[in-house]
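A short worksheet on the structure shown next.
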Amino acid sequence: MRKRTRRLGAILAVALAAAAPGAMASGCLWERGDDSLGSFCAAPSGGEEHCVGANLGPGSAWSKAEKDGALPIEMWATWPSDMTLDELVGSPYWLEAWRGHLEEAADYVRDDARNAESLRATLAGKLRGLLSEVRHHQQEILEGEPVRAADRFKEAMTAKASAEKEPLAAALAADKQAMAVVQAIFDQARSDAAPLRSRYAGAASRFATYRSAEAAETAAYAALSEQASRSDSEGLDGAEQAVLAAAREASRAPNELAAEVMTLSAELQAFAASFDEALAPHEEFLATHGAVAPDMTSGALRSLSAMLGYAQRRVARSDATATALLGGIAMRRQALRALQMDKGAREAIARSRIQRASEVFGEGARARAAAVSAPPPVSEKLGLPLLAERCGELLALVQLRPLCEAAGASWREAGCAALRGRFDAAEAELRTGVPRKIAAGLSALREKGMAAAALDAAQARLDAGDVKGAAMAYDAAVRGAEGT
Numbered sequence: 001m002r003k004r005t006r007r008l009g010a011i012l013a014v015a016l017a018a019a020a021p022g023a024m025a026s027g028c029l030w031e032r033g034d035d036s037l038g039s040f041c042a043a044p045s046g047g048e049e050h051c052v053g054a055n056l057g058p059g060s061a062w063s064k065a066e067k068d069g070a071l072p073i074e075m076w077a078t079w080p081s082d083m084t085l086d087e088l089v090g091s092p093y094w095l096e097a098w099r100g101h102l103e104e105a106a107d108y109v110r111d112d113a114r115n116a117e118s119l120r121a122t123l124a125g126k127l128r129g130l131l132s133e134v135r136h137h138q139q140e141i142l143e144g145e146p147v148r149a150a151d152r153f154k155e156a157m158t159a160k161a162s163a164e165k166e167p168l169a170a171a172l173a174a175d176k177q178a179m180a181v182v183q184a185i186f187d188q189a190r191s192d193a194a195p196l197r198s199r200y201a202g203a204a205s206r207f208a209t210y211r212s213a214e215a216a217e218t219a220a221y222a223a224l225s226e227q228a229s230r231s232d233s234e235g236l237d238g239a240e241q242a243v244l245a246a247a248r249e250a251s252r253a254p255n256e257l258a259a260e261v262m263t264l265s266a267e268l269q270a271f272a273a274s275f276d277e278a279l280a281p282h283e284e285f286l287a288t289h290g291a292v293a294p295d296m297t298s299g300a301l302r303s304l305s306a307m308l309g310y311a312q313r314r315v316a317r318s319d320a321t322a323t324a325l326l327g328g329i330a331m332r333r334q335a336l337r338a339l340q341m342d343k344g345a346r347e348a349i350a351r352s353r354i355q356r357a358s359e360v361f362g363e364g365a366r367a368r369a370a371a372v373s374a375p376p377p378v379s380e381k382l383g384l385p386l387l388a389e390r391c392g393e394l395l396a397l398v399q400l401r402p403l404c405e406a407a408g409a410s411w412r413e414a415g416c417a418a419l420r421g422r423f424d425a426a427e428a429e430l431r432t433g434v435p436r437k438i439a440a441g442l443s444a445l446r447e448k449g450m451a452a453a454a455l456d457a458a459q460a461r462l463d464a465g466d467v468k469g470a471a472m473a474y475d476a477a478v479r480g481a482e483g484t
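Counted the way our numbering counts, the sequence shown spans residues 1 to 484.
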């Protein structure tokens, strides 16, 4: 409710400007629906759409939809009916107002209606589709036209003059010199942005080529793996060198692209700072005449950041694949060498590895036994037990039971001996102990007045038999109650 109130306050000036003559005479500005600011719409499951003027708020649309059909009810907001998509995208002011209405619609479903299914339908329905449509149209404009900051300024001046005619004409005449200065700044920005735009297009093209080659890179690694799995001792050397060469090649292109992206990002940021600095003395002039300084760089910077993130993640995947292949080659080389040894040597190697495996399993089993012997941690402020980690430890212990009861578990015997006496207790704690503690903790949180939504979610998982999921939801509720 607070978010919606703030948003209404932010667009109140627009509402007053758009109100029809005489709207205040009735004594209530919001008495009749007015879609000059846009509309709030709602549609129940299996029902028709119900739209009201934005001045009536999302609650009015919700009430109409609630009378017409069943939950869930999907909500969204539209821009003014007489405004084209081009006009919306070209006006930062109206675009922000419409986005505020979208947030207001979602906030109403979440905070006032408090219906999770309706919120899910709202976020995945027409609201999402309208956002995608606007963003796609913005992208088309960015890709299809150069920066036309001065043109937008002239359009703003023309629209303003049409609305206010003589007063604005007089103001523009008085500001002719300032207009010339601003025009020169925009012209210089257009000139400076042209090479940057060209370089961005080149970087985007090279990135698209690099991204399209991912499947081929993966297939090449798969072929090298197949080759190594069939190679003899002499062939493994060649396979190893091929894997190293593939890893170097997989890193070369993204490293070059990353260097280009970071350099271009730095230059775009410097360009934006220079442009803002040049316009700073003229902010009042722009505001007076309803013109907004164009944002020339943020979209490109976000795109370059996404390119860089993808390249870094792909290089990490390539390095991990190459490392795994080299490890597999080393193991195959050892196995081939072992096959060339006599029987006694092979048996000695086998005994050594079995002994090492037994020691590692025993160390892990003793550590697990110590972990389940300790009490679960408690929260700092409320002193309630935190159970998600405890539940995970108990589940991991119970899952080892079949291994320790198997007939061929001799090499695991040292570790299993430390665990056998704990299996029954761990299963009992999972079955009854942990659920009781979760239920008691939820009751304590309800008594302290915590919001019911998070507690209900944990209780639902507990009722469904999902003890681990309930423990995770319960821990999240405890931390939320403590603000941690």
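In this text, a Cβ means the ideal position worked out from N, Cα and C, and glycines have one as well.
Relative to the Cα of ALA194, the nearest Cα in the group LEU268, THR263, SER63 and ALA42 belongs to LEU268. Burial check for MET307: the Cβ neighbour count within 10 Å reaches 16 or more, so the residue is buried. Collapsing the DSSP output to three states places PRO377 in coil. Counting along the chain, MET75 sits inside the beta strand (DSSP E) bounded by residues 70-78. Residue environment: SER305 is assigned as exposed (fewer than 16 neighbouring CB atoms within 10 Å of its CB, all protein chains considered).
Exposure of HIS136 is indicated by the presence of fewer than 16 other C-beta atoms within 10 angstroms of its C-beta. Across the set GLN312, ALA369 and ARG390, the C-alpha of ARG390 shows the shortest separation from the C-alpha of PRO377. Counting only runs of at least 4 residues, the stretch 296-374 fully encloses the following alpha helix (DSSP H) elements, listed from N- to C-terminal order: 298-339 and 343-373. Checking the DSSP bridge columns, you'll see SER45 partnered with ALA70.
In the structure shown, the three-state DSSP call for SER36 is strand. DSSP places PRO294 outside both helix and strand once states are collapsed to three, so it counts as coil. Taking 8 Å as the upper bound for CB-CB distance, LEU395 and ALA471 are not in contact here, some 10 Å apart.
Secondary structure note for HIS101: its alpha helix (DSSP H) is the uninterrupted segment 92-107. With respect to the C-alpha of SER373, the residue from ASN115, GLU393, LYS381 and LEU384 having the closest C-alpha is GLU393. Residue pairing by DSSP places VAL52 opposite PHE40 in a beta bridge.
If you check the CB distance, ILE438 and LEU462 come in under 8 Å. When only Cα atoms are considered, ALA208 and LEU37 end up about 40 Å apart.
Under a 10 Å Cβ-count criterion, MET331 is classified as exposed, with fewer than 16 other Cβ atoms of the shown protein chains found around its own Cβ. Contact between the stretch 447-455 and the stretch 414-431 is absent: fewer than three C-beta pairs spanning the two stretches fall below 8 Å. In chain order, PRO44, GLY47, GLU48 and HIS50 place their CB closer than 8 Å to the CB of ASP68, counting only its own chain and leaving out the 5 sequence neighbours on each side.
Note that the C-beta distance between TRP76 and LEU130 is below 8 Å. If the five residues before and after LEU325 are omitted, its C-beta is found closer than 8 Å to the C-beta atoms of TYR221, LEU224, SER225, ALA228 and VAL243, all from its own chain and listed in chain order.
In the DSSP assignment, SER265 falls within the unbroken alpha helix (DSSP H) covering 233-279. In this structure, the alpha-carbon of LEU430 lies about 8 Å from that of VAL467.
Counting along the chain, the unbroken alpha helix (DSSP H) around LYS468 starts and ends at 467-482. Classified as buried, ALA473 has 16 or more neighbouring CB atoms from the shown chains inside 10 Å of its CB. For PRO385, DSSP records a beta bridge to VAL378. Around the CB of ASP475, 16 or more other CB atoms lie within 10 Å, so the residue is classed as buried.
In this structure, ASN115 and PRO80 do not form a Cβ contact; the two beta carbons are roughly 28 Å apart against a cut-off of 8 Å. Residue ALA280 holds the alpha-carbon nearest to the alpha-carbon of VAL181 among GLU482, ALA280 and VAL52.
Here DSSP, grouped into helix, strand and coil, assigns ARG422 to helix. Collapsing the DSSP output to three states places ALA444 in a helix. Separation of ALA113 and ALA216 (C-alpha to C-alpha, rounded to the nearest whole angstrom) is 50 Å.
Contact check for SER358 and ARG412: beta-carbon distance about 7 Å, within the 8 Å limit, so the pair qualifies. CA-to-CA, the gap between GLU284 and ALA278 works out to about 13 Å.
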